[in-house]
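Trainee:
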Amino acid sequence: MAKIGNIDVGDFPLLLAPMEDVSDPPFRALCKEQGADVVYTEFISSEGLIRDAAKSTMKLDIYEKERPVGIQIFGANLESMLQSVEIVEKSGPDIIDINFGCPVKKVVSKGAGAGILKDIDLMVSLTKAMVEYTKLPITVKTRLGWDHDSIKIVEVAERLQDVGCQAISIHGRTRAQMYKGEADWAPIAEVKNNPRMHIPVFGNGDVDSPERAVEMRDKFGLDGAMIGRASIGYPWFFREVKHFFNTGEHMAPPTLEERVDAARRHLQMAIDWKGERLGVFETRRHYTNYFKGIPHFKEYRMKMVTSDDSIDVFKAFDEVEREFAGYEFA
Numbered sequence: 001m002a003k004i005g006n007i008d009v010g011d012f013p014l015l016l017a018p019m020e021d022v023s024d025p026p027f028r029a030l031c032k033e034q035g036a037d038v039v040y041t042e043f044i045s046s047e048g049l050i051r052d053a054a055k056s057t058m059k060l061d062i063y064e065k066e067r068p069v070g071i072q073i074f075g076a077n078l079e080s081m082l083q084s085v086e087i088v089e090k091s092g093p094d095i096i097d098i099n100f101g102c103p104v105k106k107v108v109s110k111g112a113g114a115g116i117l118k119d120i121d122l123m124v125s126l127t128k129a130m131v132e133y134t135k136l137p138i139t140v141k142t143r144l145g146w147d148h149d150s151i152k153i154v155e156v157a158e159r160l161q162d163v164g165c166q167a168i169s170i171h172g173r174t175r176a177q178m179y180k181g182e183a184d185w186a187p188i189a190e191v192k193n194n195p196r197m198h199i200p201v202f203g204n205g206d207v208d209s210p211e212r213a214v215e216m217r218d219k220f221g222l223d224g225a226m227i228g229r230a231s232i233g234y235p236w237f238f239r240e241v242k243h244f245f246n247t248g249e250h251m252a253p254p255t256l257e258e259r260v261d262a263a264r265r266h267l268q269m270a271i272d273w274k275g276e277r278l279g280v281f282e283t284r285r286h287y288t289n290y291f292k293g294i295p296h297f298k299e300y301r302m303k304m305v306t307s308d309d310s311i312d313v314f315k316a317f318d319e320v321e322r323e324f325a326g327y328e329f330a
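In full-length UniProt numbering, the protein residues as written are 1 to 330.
1) Cα-Cα, which of Ile87, Ile232, Ala36 is closest to Gly46?
2) Could you give the distance in angstroms between the alpha-carbon of Phe43 and the alpha-carbon of Val214?
3) To which residues of the same chain is residue 367 closer than 7 Å at the C-beta, ignoring the five residues directly before and after it?
4) For Arg143, which residues does DSSP report across the bridge?
5) My output table needs one value for Ser231: the three-state DSSP class, helix, strand or coil.
6) Among the residues of its own chain, which have a CB less than 7 Å from the CB of Ile153, if the five just before and after it don't count?
7) Using the Cβ count rule (16 or more neighbours within 10 Å means buried), how would you classify Tyr40?
8) Note down the Cα distance separating Gly221 from Val201, rounded to an integer number of angstroms.
9) By the three-class DSSP mapping on this structure, what secondary structure does Asn99 have?
10) Specify whether the region 289-307 and the region 54-68 touch according to this definition: at least 3 beta carbon pairs, one from each stretch, less than 8 Å apart.
11) Between the C-alpha atoms of Val9 and Ile71, what's the straight-line distance to the nearest angstrom?
12) Please state if the CB of Pro93 and the CB of Val69 are separated by a distance shorter than 8 Å.
13) Can you tell me where the beta strand (DSSP E) holding residue 392 begins and where it ends?
14) Excluding five sequence neighbours on each side, which residues of the same chain lie with their C-beta closer than 8 Å to the C-beta of Glu321?
15) So is Pro254 buried or exposed if we call it buried at 16+ other beta carbons inside 10 Å?
16) Does any CB atom of chain D fall closer than 8 Å to the CB of Phe220?
17) Suppose contacts are defined by Cβ-Cβ distances below 8 Å. Is Met226 in contact with Arg239 by that definition?
18) Run through the region 64-89 for me and flag every whole beta strand (DSSP E) of 3 or more residues, listed as ranges in chain order.
19) Can you give me the Cβ contacts of Asp308 inside the same chain, cut-off strictly under 8 Å, excluding the 5 residues immediately before and after it?
20) Using 10 angstroms around the beta-carbon of Ser23, count the other beta-carbons present and answer buried if the total reaches 16, otherwise exposed.
21) Given this structure, state the Cα-to-Cα distance separating Phe12 from Gly203, to the nearest angstrom.
22) Just to confirm before moving on: does the CB-CB distance between Pro103 and Ala112 stay below 8 Å?
23) I need the DSSP call for Ala262, collapsed to helix, strand or coil.
24) For Leu136, which of helix, strand or coil comes out of DSSP?
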């Protein structure tokens with residue numbers, strides 16, 4: 001049984017990764033319903049929080065049905081990070097996660113996200129200060145290293161644990177790789193196999209099938225899997241992995257009716273949470289995967305991703321339900 005601080009998160013938990021413009025409350029709710037054990041918010045700028053930037057503070061919204069839920073923040077300035085902890089605590093999360101892995105240039109250029117992998121001492125000192133500043137468990141999400149020549153993740157993970165980090169999620173790529181090539185889980189297994197490590201070590205990157213999740217658990221011996229891209233527009237991924245764990249068999253894919261219902265609910269929750277314009281815009285990225293596999297779908301997909309009016313998108317869902325009634329997904 002993996003534990004983050006005093007929080008039991010299950011035997012080989014499946015965690016929803018923090019993803020910008022993806023891991024919002026509507027999507028987290030759907031993933032939770034489908035078996036995600038722990039969910040994380042989109043990553044939030046510490047500088048944005050202390051400036052009370054609307055986009056940053058909105059991301060602090062969490063709901064009881066999501067628990068356990070972690071709020072993830074990023075930054076490289078100690079004072080700003082500690083001030084942001086005070087703000088985050090007021091939202092009542094179960095976990096505060098520090099992003100030391102985002103490879104995006106605008107984040108890295110400020111020394112935050114994966115940028116801090118160039119300064120491991122700062123990475124450790126920031127974590128230590130945050131651990132000492134809050135009673136909530138502090139966890140870390142990071143990458144193997146800045147580039148192939150600077151991979152010291154075994155040492156880094158141990159140092160983070162020693163200053164009080166309660167769990168670590170490691171993406172199996174370096175910052176230099178961005179999202180290209182294959183994730184390398186072997187160095188993550190080295191972290192787990194370090195006899196001095198006693199906190200949960202979660203793997204991230206390329207967990208795109210139930211078989212891969214089993215491999216991460218059984219071959220690499222990790223404590224859980226953090227799921228990112230495989231869940232976008234497909235919250236059922238979590239239940240399918242768990243079904244495979246329990247039976248060794250693949251679960252039947254969601255029906256057309258289930259997919260349309262999820263798309264409708266997702267869009268309505270998004271509108272309720274962030275308003276018509278943003279709700280419509282920010283759910284678009286999910287529709288391709290919601291309806292992946294349906295032949296000659298382009299006409300309907302274009303309606304879903306080009307309309308600025310939710311009425312038209314809901315009509316497109318109705319059309320899909322009528323036109324493809326009874327369609328069986330492979």
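Backbone N, C-alpha and C fix where the C-beta goes; we use that ideal spot for every residue, glycine too.
Mentor: Checking against the coordinates, here is how it stands:
1) In the sequence as presented, Gly is not what sits at residue 46; that position holds Ser. When each option's Cα is compared against that of Ser46, the closest is Ile87.
2) 27 Å
3) Outside the shown range of the chain, which is 1 to 330, sits residue 367, and nothing can be said about it.
4) His171
5) In this structure, Ser231 counts as helix in the three-state DSSP scheme.
6) Leu144, Gly145, Ile170, Pro187, Val191
7) buried
8) Those two C-alpha atoms are separated by around 9 Å.
9) Correct three-state label for Asn99: strand.
10) no
11) Going by the C-alpha atoms only, they are around 16 Å apart.
12) Result yes, Cβ atoms of Val69 and Pro93 sit closer than 8 Å.
13) Residue 392 is absent from the structure shown; the chain starts at 1 and stops at 330.
14) Cβ neighbours of Glu321 beyond the five flanking positions: Leu256, Glu257, Val260.
15) By the 10 Å Cβ count, Pro254 comes out buried.
16) The chain labelled as chain D is not found in the depicted structure, where only one protein chain is given.
17) Going by C-beta atoms, Met226 is not nearer than 8 Å to Arg239.
18) 69-74
19) Arg277, Val280, Phe281
20) buried
21) When rounded, the distance between both Cα atoms is 11 Å.
22) In this structure, Pro103 sits away from Ala112, with a CB-CB distance that is not shorter than 8 Å.
23) helix
24) coil
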